[in-house]
Every structure is written in C-alpha cells, then in structure tokens.
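Report on the following structure.
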Amino acid sequence: MAVETPLYSDSKLLFKLESECFDYDQISQRQFSYFLTKAKSIFLVYRQDSEITAYILGLFRARSQSVYLYSLAVHPHSRGHGLGTILLNAFEKNVRERGYMMMKAHTKVGNHAMLSLFKKSGWMTGHVVPGFYTDGTDAIELFKRIFV
Ligand SMILES: CC(C)(COP(=O)(O)OP(=O)(O)OC[C@H]1O[C@@H](n2cnc3c(N)ncnc32)[C@H](O)[C@@H]1OP(=O)(O)O)[C@@H](O)C(=O)NCCC(=O)NCCS
Numbered sequence: 000m001a002v003e004t005p006l007y008s009d010s011k012l013l014f015k016l017e018s019e020c021f022d023y024d025q026i027s028q029r030q031f032s033y034f035l036t037k038a039k040s041i042f043l044v045y046r047q048d049s050e051i052t053a054y055i056l057g058l059f060r061a062r063s064q065s066v067y068l069y070s071l072a073v074h075p076h077s078r079g080h081g082l083g084t085i086l087l088n089a090f091e092k093n094v095r096e097r098g099y100m101m102m103k104a105h106t107k108v109g110n111h112a113m114l115s116l117f118k119k120s121g122w123m124t125g126h127v128v129p130g131f132y133t134d135g136t137d138a139i140e141l142f143k144r145i146f147v
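The sequence shown begins at 0 in numbering that gives the first Met the number 0 and counts up one residue at a time.
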C-alpha cells in the first residue's frame with residue numbers, strides 16, 4: 000500500500016468509499032469526476048487490492064495563498080491504523096512543495112476524531128460557523144500555517 004494520485008477512472012470507487020464514510024454532504028460521483036479531471040487540486044488516495052481505502056482532497060482557490068482541505072476520509076474498517084495521519088502529512092508536504100503558506104479546512108463541531116487528528120498535526124481552531132452543513136450542524140474553522 001502507498002499514497003498515490005488517483006486515476007481519472009476512479010470516481011466510482013471514490014463515491015463508494017464516500018458513501019461508507021459520510022451520511023451528510025456526500026461528494027457525488029459526478030463531483031469526483033470533476034475533481035479528478037478539471038479541478039485544480041491535490042488529490043491523494045490509499046489503494047488496497049482493488050479498492051480505495053482512503054482519500055484526501057484539497058482545492059486551490061483563485062487569488063488565494065491558501066489551500067482548502069475539502070475532505071479526508073478513511074474506510075471504517077481501516078480507521079485507527081494511522082492512514083488519516085499519513086494522508087494528512089503527505090498532503091501538507093505537497094502543499095509545502097508548491098510554495099503555499101497556509102492550509103484551511105472546516106469540520107463538524109462534534110467530529111472528535113477529525114478534530115483530534117487536526118490538533119495532533121498542529122492545526123489551530125478558528126471560529127464556529129453556524130449551520131455550515133446541509134443538515135444544519137455547525138462547523139469549526141481550522142487552519143495551519145506552513146513555515147519554511
Ligand atoms: C477522521 C479520520 C479521517 C481519522 O482517520 P484514521 O486513519 O482513523 O486516523 P489515525 O489512525 O491516523 O489517527 C490519528 C489521530 O486521530 C485521532 N483519532 C482517530 N480516530 C479517533 C477516534 N475514533 N476518536 C478520537 N480520536 C481519534 C487521534 O488523535 C489519533 O491519534 P492516536 O492514534 O495517537 O490517538 C476517520 O475517522 C474518518 O474517515 N472519519 C469519517 C470521515 C470524516 O469525518 N472526515 C473528516 C471530514 S473533514
């Protein structure tokens with residue numbers, strides 16, 4: 000197993016993983032196709048046999064000095080073995096190599112696993128954004144400065 004860039008044809012596998020990881024604000028297969036082919040992104044996956052076990056997706060925004068970490072997910076059966084940490088570290092390395100100075104993200108206020116992973120990786124918390132998700136729940140802003 001290794002961290003790798005997904006293939007253009009991986010949208011179906013990614014959507015399958017997404018469905019098993021999120022019951023809110025899921026990325027559709029069509030959106031994955033867009034992210035794989037057209038979006039300016041950092042997209043990394045963990046592949047095991049014929050499945051994708053985990054992914055991380057970051058997006059560049061026009062005229063922004065920061066990269067937005069849009070989503071990170073590890074299959075429920077593969078959690079707790081360091082995959083989330085490995086992908087987040089690989090993502091940060093990629094951001095650093097591209098010369099960006101800041102990473103930003105949102106996560107659900109009650110997402111203790113993700114908040115703990117961010118904290119361990121040196122991310123800071125910002126404001127709470129009320130009703131950020133489509134199910135009405137609040138998000139917390141997160142950010143990490145990249146020091147060269
Ligand atoms: C959050 C997520 C990506 C973590 O992936 P993972 O591979 O299990 O994480 P790791 O094994 O690398 O764990 C690293 C750290 O994260 C935290 N963590 C992971 N799972 C946790 C849990 N169930 N409860 C509390 N903290 C947890 C811990 O700080 C852990 O460090 P430790 O092992 O030294 O205690 C995974 O749980 C997931 O995919 N969740 C569903 C999708 C999601 O919510 N994504 C975030 C959207 S922004």
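For each residue, glycine too, the CB sits at the ideal point set by N, CA and C.
- A distance criterion of 7 Å places the beta-carbon of Phe-131 beyond contact range of ligand 1, judged by its closest non-hydrogen atom.
- When DSSP states are grouped into helix, strand and coil, Val-73 belongs to the strand group.
- Between Phe-34 and Ser-40, the CB-CB gap stays under 8 Å.
- Under the 10 Å beta carbon count, Ala-104 is surrounded by 16 or more other beta carbons and is classified as buried.
- In the three-state reduction of the DSSP assignment, Ser-65 falls in the strand class, which pools E and B.
- Nearest C-alpha to Thr-52 among Leu-71, Gln-25 and Met-100: Leu-71.
- Beta-bridge annotation (DSSP): Met-102 is paired with Val-66 and Lys-143.
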